[in-house]
Every structure is written in structure tokens, then in C-alpha cells.
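Residue numbers (our numbering), protein chains in the order written: chain X, 1 to 354; chain G, 1001 to 1184. For each residue, glycine too, the CB sits at the ideal point set by N, CA and C.
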């Protein structure tokens, strides 16, 4: 049996990335994610990889673009204000179809905000945070184990579709410690050789270009349609969610990441009190599990959405099931605003009995 | 088993260290645990708190609104968190720094422990955290003192292993204090 480790979520995501073959990290420190570069700066050299603390977030995302264009598995990490700075580069990566991992251990904003956990970067993450109408893959782990597992999944999905992938967590999931059972990375069979990668070998061959600039008549439209066709395939093939006690649920609670963990306890307490309540936890925030919401509200079930913000994912839930009664309860992020299971239970009771 | 405990004090009292240690000892005993710290931007003197949830099944929320037990090491923590302790729960209060005549809560068990004086008696003021942790596990039996010792050995870098006997002594002293208090 593999030894169970006891590590932070931030360390787990770093360990998973290295296990998945990531050998290039570019970043800049910011609370509450600095454990990630700290861990990688210590472990990466042992694996023969490169760790670079760049001069800024803007530099680090462009280094990621460069490493990715050469076909390498590479990553960056930051927290909300730093992720805002990276948006230009993420847009260029999306436009250039450069895969790669971006970890956002979200803190509260807007602006410099605070260092406490937040889910207020949902819109920025799933709607295309930079310019130009693109999407990236967004994964929302809710445990230390998932931070590890999803680092691997993020690289696989990102390489499969040539779409950048983000792991969206927050100070709760990043700084909490739990048991972690590490396991070896196994590459999926369908991952193709990156024949588009810019690997100069000095020999004459077909010219390869990785770019996001398309000036010819109709070129950019076709490129955008190609990107969106990939998003449509992901919407069919790559949606992931967790369902807890949904079979006979009359009220479907939904939440992701840290608030999903809090909601799990609230749902258990509600069940103990005889309320037929279940949890639908989106794991992929993009692609969003629209069909799952349709399926689990088809018999007239109500939905209650919990978030650590003033209401963002709830909009995607409402778009998924426009005829369903969808309620929202959230707390604006900041010091002292983390909701408790007892608080969620009160909300569940109110909406269940209404 | 299903337990949770909230620990609070000021930065430098070693709150995060004992929270980490308790959760790790729980894992070593084959159960599940989450350790969720929250602290200020200051290195020392700011508020330091953590929540540990322990279970033989999977841990749900790492955040707890009304903890089953609270370890309160300074007056500010007492002010902020004492009222949150679940009815029927347990509060361990550092009476070296906190005055409490017991009239505020009659619905919980409480133990006043002069942790600072006890730490000095063993020989180092920094042992306050270990004394309190020893008392808590004696009361709650969530893990054994032996598991804590094993966890401490693994967490501590080898160069600091010479401090292990003193820390063991502090854990035992806390446990003994708790035994005596509830025996009488």
C-alpha cells in the first residue's frame, strides 16, 4: 500500500503536476498560493526541470506560452490579482492553441481585496477572462486528493484539445491539509504526438507556425469557428460532476470547490433530519454540466446554489434549466465571511419547506 | 468516530503546529482528518486559528460553525469564539491569560489550565501548545498520546529531535492535569 501523505492542497497540485510530467514552471509569489512555487522550486531541479521566478505575472504567462509552443508540459500558478495580470497571455495561448496549466488559488477582491478564500473569479475563469471570445478548461477540485488528481487531468485535457486548462481553487482548498494517496501518472492512449510543436532540429522540413494573428479574409472567422467547435466537443465528452444522494432528492443543492465541501456536511445534516436533499457538484466549470442539471430537475425539483461570492455560477445553472426554480445563497468573500455547514443547513431548511 | 475542534490564540503560541500535529496523528491512526488554518498576515502577534475535523469516514466540511471542542489560548480568542462552542461541548481555557468564572456558559464542560505556568515549570514557555494538546486528547481520546509523539517525530526535522523529550513531557503533563481535574 502506498503511504498516505498529509499535505496542503497547494503542495498536492504541485506534486500532481510534476507526476504528470510538467518540467517547466514560471511564476511569481502571491498569497495564498506561494506554497506551489515553494514546493516546485525545491523539487523541480531534482527532476531536471526548470523553475523560474519571473519578474512579473505578465512575464511568467508569456514564458508559459513559449514553453508550451515547444511542446513541453508547463504551468504557472497565481492568485486572483496575479491571474488578472495573466489574462492577456491566456488569451494569446487560447488563440494560439497552446495547452498548459494555470492554477488560480483564488483570494478575495476586487482589486487587492484580501487574502481570504473567494469564489468571485468564476466569471473570469469560465467566460474567457481575456479578450477575444474564447474559453479555457476549468476544473474545480474540492479536496487535497483532487488537487493532485486534477493536475494530471488538466494536462491531459489541455493536450487533447490544445486548450489551456485552469485549476480554480481557493485559500480553503489550497491551504488546508488532508490525507493524500499519491499514484503514478498514466498517459491516456489517445494523446497524440505534438507534431505542431516548434522544435527546431536544424533539418529542413515543413514550416510550423504557432500564432494567434490571422489577417486574411475569412481566416480569423474560420479559426474562431474551429476553436468553438472544440468547445462544443468538450461539452459532450468532457463534462464531469459529482452527485450525492440525488436519486430521491426534492431539493438539489449545488456548489463547487470549498463551498461544495461545506455543502456536503449541510446535506448530510439535512438528510439526518429527514429532508430529501442531494448535492450536484460541478467538477468541470467549463464545460458546465448542463445536462446533469436538466436530468436531476426533470421531475420539478428545486435548486439551491451556494457560492462564496454574490452570485456567479448560479447564472449558468439558470441558463441550464430556465424553467426550474433556482435560488441562491452566498457570502461576499473576505475575512470572517466563510459560511458554515450550520448556515447552509438553515438555508436548505428554508428552501425545502417553502 | 466523528470529532471536530477549533483552536485559537495569537501567532507564536504554536496553535497551527498542534492543529497540524493532531490531524497528522489522526491520519497515522488510519482515520481521515482535515486541518484548515486561518491566520493574519503578521508573522507573530496576529490571530492564529485552525479547525481540525476527524472522522473514520470521509471528512465533509473542513469549516465548522459550532465546534464540539475549542482550545482557547488568549483573551481575544475567548472573546470571539467561546460562545460558538456547541452546547454539550468542551472548552479548554488557558487560565494563565484568560479569566473566566464559569458563569458565561453552563451548558458545556470546561477545563481551566494554567498552561503558561506549567510550561515554565517544565522549562520552556513555548511548550504551552503541547500542554494544551495533551489535555485535549486525554479528554476527547480522539488519538493516543503515543500517536502524537510519533507524528511529532515525523514532522520535526532530525536536527530538532533533541527537543522531543521536553515536548513529550509537556504532552504528558497536560494529559495528567486533565485526568486529575476530572477525577476530582
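Interface residues of chain X facing residue 1061 of chain G [CB-CB closer than 7 Å]: By Cβ distance, chain X contributes 261, 262, 264, 265, 341.
For residue 1039 of chain G, report the span of its beta strand (DSSP E) as first-last. Residues 1032-1039.
Using a 10 Å radius around the Cβ and a threshold of 16 neighbouring Cβ atoms, would you call residue 175 of chain X buried or exposed? Buried: at least 16 other Cβ atoms inside 10 Å.
Within chain X, the residues that residue 1116 of chain G reaches when beta carbons sit closer than 9 Å: Within 9 Å Cβ-Cβ: nothing; residue 1116 of chain G doesn't reach chain X, min ~28 Å.
Check whether the stretch 292-310 of chain X and the stretch 247-255 of chain X are in contact - that is, three or more C-beta pairs closer than 8 Å. Verdict: yes, contact present.
Buried/exposed call for residue 107 of chain X, threshold 16 Cβ in 10 Å: Here residue 107 of chain X is buried. Its C-beta has 16 or more other C-beta atoms within 10 Å.
Pairs of beta-carbons, one from the stretch 47-63 of chain X and one from the stretch 82-89 of chain X, closer than 8 Å: are there three or more? Contact holds: three or more Cβ-Cβ distances are below 8 Å.
Using a Cβ-based criterion (distance less than 7 Å to any ligand heavy atom), does residue 1002 of chain G qualify as near the ligand MN? For the structure depicted, the ligand MN is absent and the ligand set is empty, with no information on it obtainable.
By the 7 Å beta-carbon criterion, what residues does the stretch 172-187 of chain X contribute toward chain G? Those residues of the stretch 172-187 of chain X that come within reach of chain G (Cβ to Cβ, closer than 7 Å) are 172, 175, 176, 177, 178, 179.
Contact residues within the stretch 100-120 of chain X, judged by C-beta distance below 7 Å to chain G: Residues passing the 7 Å Cβ filter: 115.
Who are the neighbours of residue 1036 of chain G on chain X, taking C-beta pairs under 7 Å? In chain order: 172, 176.
Of the residues that make up the stretch 1007-1037 of chain G, which ones have a beta carbon closer than 8 Å to any beta carbon in chain X? Shown in chain order are the members of the stretch 1007-1037 of chain G whose Cβ falls below 8 Å from a Cβ of chain X: 1020, 1023, 1024, 1027, 1032, 1033, 1034, 1035, 1036, 1037.
Alpha carbon to alpha carbon, what distance is there between residue 281 of chain X and residue 314 of chain X? Approximately 12 Å, taken between the alpha carbons.
By Cβ distance below 7 Å, which residues in the same chain neighbour residue 301 of chain X in space, the five residues on each side in sequence not counted? Close CB contacts of residue 301 of chain X within its chain, under the 7 Å cut and outside five residues either way in sequence, are with 249, 250, 251, 252 (chain order).
State yes or no: is the C-beta of residue 1130 of chain G within less than 8 Å of the C-beta of residue 1070 of chain G? Against a cut-off of 8 Å, the Cβ pair of residue 1070 of chain G and residue 1130 of chain G comes out as no contact.
Residues that residue 1065 of chain G contacts on chain X, provided the C-beta gap is smaller than 7 Å: Ordered by position in chain X, the residues that pass the 7 Å Cβ test against residue 1065 of chain G are 340, 341, 342, 343.
Reducing DSSP to helix, strand and coil, say where residue 1054 of chain G ends up. It is a strand residue.
Using only alpha-carbon positions, find the residue among X:80, X:7, X:44 that is nearest to residue 333 of chain X. For residue 333 of chain X, the nearest C-alpha among the options comes from X:80.
Interface residues of chain C facing residue 73 of chain X [CB-CB closer than 7 Å]: Going by chain labels, chain C is absent from the structure shown, which instead holds the protein chains X and G.
Between residue 1149 of chain G and residue 1135 of chain G, what straight-line distance do the alpha-carbon atoms span, to the nearest angstrom? So the two alpha carbons sit approximately 14 Å from each other.
Would you check if there are 3 or more beta carbon pairs closer than 8 Å linking the stretch 321-331 of chain X to the stretch 234-250 of chain X? In this structure the stretch 321-331 of chain X does not touch the stretch 234-250 of chain X; the number of beta carbon pairs closer than 8 Å is below three.
Could you round the C-beta distance between residue 1047 of chain G and residue 1010 of chain G to whole angstroms and report it? I think they count as a contact, below 8 Å. Taking 8 Å as the upper bound for CB-CB distance, residue 1047 of chain G and residue 1010 of chain G are in contact here, some 7 Å apart.
State whether the stretch 122-142 of chain X contacts the stretch 1021-1034 of chain G, with contact taken as three or more CB pairs (one from each stretch) at a distance under 8 Å. In short, these stretches do not touch, since the Cβ pair count stays below three.
Buried or exposed by the 16-neighbour rule on C-beta atoms within 10 Å, applied to residue 1101 of chain G: Exposed is the call here.
My guess is that residue 1061 of chain G and residue 261 of chain X are in contact by the Cβ rule of under 8 Å, so how many angstroms apart are they, rounded? The pair is a contact, with the Cβ atoms about 5 Å apart (cut-off 8 Å).
Is it a yes or a no for the stretch 145-162 of chain X touching the stretch 14-23 of chain X, going by three-plus beta-carbon pairs under 8 Å? Contact annotation: the stretch 145-162 of chain X touches the stretch 14-23 of chain X, with at least three C-beta pairs closer than 8 Å.
Closer than 8 Å by beta-carbon distance: list the chain G residues that pair up with residue 4 of chain X, in chain order. Per Cβ cutoff of 8 Å: 1027.
So that I know if they touch, is there some Cβ in chain G lying closer than 8 Å to that of residue 268 of chain X? Residue 268 of chain X belongs to the set of residues whose beta carbon lies under 8 Å from a beta carbon in chain G.
Once you ignore the five residues that flank residue 159 of chain X on each side, which residues in its own chain have a CB closer than 6 Å to its CB? 99, 191, listed in sequence order.
Closer than 8 Å is the cut-off here; do at least three beta carbon pairs connect the stretch 179-187 of chain X with the stretch 197-217 of chain X? For the pair of segments examined, the stretch 179-187 of chain X was found not to touch the stretch 197-217 of chain X: the number of CB pairs separated by less than 8 Å stays below three.
Which residues in the same chain as residue 1173 of chain G place their Cβ atom closer than 7 Å to its Cβ, once the five residues preceding and following it in sequence are excluded? The answer, listed in chain order, is 1118, 1122, 1131, 1134.
Leaving out the 5 sequence neighbours to the left and right, which residues in its chain are closer than 8 Å to residue 1120 of chain G when beta-carbon positions are compared? Excluding positions up to five away in sequence, the list is empty.
In chain order, each alpha helix (DSSP H) run of at least 4 residues that lies wholly inside the stretch 19-106 of chain X: If we require 4 residues or more, the alpha helix (DSSP H) runs fully inside the stretch 19-106 of chain X come out as 35-43, 57-69, 80-96.
Simplified DSSP assignment, three categories, for residue 1267 of chain G: Here chain G comprises residues numbered 1001 to 1184, so residue 1267 of chain G is not present and cannot be evaluated.
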